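To start, the structure itself, in structure tokens.
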Amino acid sequence: MSEQSESFVFMRSLVADGPHPDIPEADRIYAPVIGSWSLTIEWLDSKGDVERALPGEWHFSWVLDGLGVQDVWITPPRSERTDGTPPHEHGTSVRFYDRRTRTWRSTWTGPRHSSILEFQSRLIHDEIVLESRGQTPRMKWVFSDFSADGFTWRNWVEDAGSWWLQQRFIASRIRHA
């Protein structure tokens, strides 16, 4: 079997056409982000001022027979890299629906910075809120401001009992022909 065929078989065994019917419609909280997005990624200082900003790309899909959602986050975008230039980050989160708690459990893996983070998420009002599990400092990742063409993602970090905004992604939907 060729390498291309093996990759295709792997992708077809991972990617699902949609959510599994066992996930209640009201709990399909990641449905709005399924697809591909271009990003403006901002890192903020403790005063909330932008220290630096980079472009990126973010791709989400239903996976694992529709029982999970996986994303791939890349900065800078692959189209803007030069040969031999390592990315700032190229990582992934895998989320699955936990029927017992009606929440989503997820793990972020960022190999460039040797990061593994665990979260539990739920819909709170009109935002998807992921709260870190078992790590210091505590973090909250929040998806908000949903529209057909975009959303905002924010990374809040706890420091001495207060929360400060460390990172913000502004996502715009990529239209595929």
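FYI, the numbering used here numbers position 162 of the sequence shown as 222, with every residue one higher than the one before it. From the three backbone atoms N, C-alpha and C, an ideal C-beta is built for every residue, glycine too. Computed from a predicted model, the values in this text were never measured in an experiment.
Within the stretch 86-153, the runs of beta strand (DSSP E) at least 3 residues long that lie entirely inside it are, in chain order, 95-104, 110-123, 128-135. Beta bridge pairing from DSSP links Thr163 with Asp158.
In summary, Glu140 is exposed, with fewer than 16 beta-carbon neighbours lying within 10 Å of its beta-carbon over all protein chains present. Excluding five sequence positions before and after Ser166, the CB atoms of its chain that fall closer than 6 Å to its own CB belong to Ser153, Arg155, Phe179, given in chain order. The beta carbon of Ser204 sits closer than 6 Å to those of Glu187, Thr212, all from its chain and outside the five residues before and after it, given in chain order. In this structure, DSSP gives Arg72 a helical state, which the three-state scheme calls helix. Arg182 carries a strand assignment under DSSP once its states are collapsed to helix, strand and coil.
Under the criterion of beta carbons closer than 8 Å, Trp122 and Pro79 qualify as touching, at roughly 6 Å. Secondary structure at Ser174: coil, using DSSP grouped into helix, strand and coil. Three or more pairs of CB atoms, one per stretch, sit closer than 8 Å, so the stretch 95-113 contacts the stretch 219-228. Under the DSSP assignment, Gly210 falls in the beta strand (DSSP E) whose first and last residues are 210-219.
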